[in-house]
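**Q**
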Amino acid sequence: MRKLLKPATGIWYFRAMHVKWEKQSPPNGANGKNINLAALLVESFQDNGSVKHRMIEHLGAIEEKFLASKVRNMREFHQGLFWTVVDKKLDHLGLDPHQRTRIEADISQMVSRPNEDWALWGVTCIPRFDP
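Below you can see the structure in the form of structure tokens.
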């Protein structure tokens, strides 16, 4: 969402928030083969003719292997864990509803939101494979 702002300097500029995806290596001591895909909320703004970027919030991360997993229950379970973290962070930011909906839509293009019974996988543990 773009907002036209006029700071104390008297110069008008645009400000927009968007989701940036970043591949991150696991922390030291973790399995080096797994790569996390992190969703970052970034603010872009124009100031005196140049575009600048500022990270607002690290919204969440998910291992890439869970996005490509053919075990649907496991994939949905980890997507659900990811969305639980993202929802808490977005709640904390207090964005307006239109802005939040747009950001969630951007995120869901990369990590789909699972159906409501995603959390049952940890209880049932019956793998269901996609064709």
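According to the working numbering, the sequence shown is numbered sequentially starting from 132. Built from N, CA and C at the ideal position, the CB exists for glycine as well.
1) Can you give the Cα-Cα distance for residue 183 and residue 190, rounded to whole angstroms?
2) Let me check understanding here. Comparing Cα to Cα, which of 211, 166 and 231 lies closest to residue 196?
3) What is the residue span of the beta strand (DSSP E) that residue 247 lies within?
4) Just how far apart, CA to CA, sit residue 173 and residue 148?
5) Measure the CB-CB distance between residue 225 and residue 249 and report whether it falls below 8 Å.
6) Please identify the residue among 215, 194, 203 and 232 whose C-alpha is closest to the C-alpha of residue 152.
7) On the DSSP letters alone, give me the boundaries of the alpha helix (DSSP H) that residue 222 sits inside.
8) Kindly identify the DSSP beta-bridge partner or partners of residue 240.
9) Between which two residues does the alpha helix (DSSP H) harbouring residue 198 extend?
**A** In short:
1) 20 Å
2) 166
3) Unbroken run through residue 247: none, as it is neither H nor E.
4) If you take the alpha carbons of residue 173 and residue 148, they lie about 6 Å apart.
5) no
6) Distances from the CA of residue 152 to each of 215, 194, 203 and 232 were compared; the closest alpha carbon is that of 194.
7) Secondary structure note for residue 222: its alpha helix (DSSP H) is the uninterrupted segment 203-224.
8) The partner list for residue 240 (beta bridge, DSSP) is empty, contrary to what the question assumes.
9) 195-198
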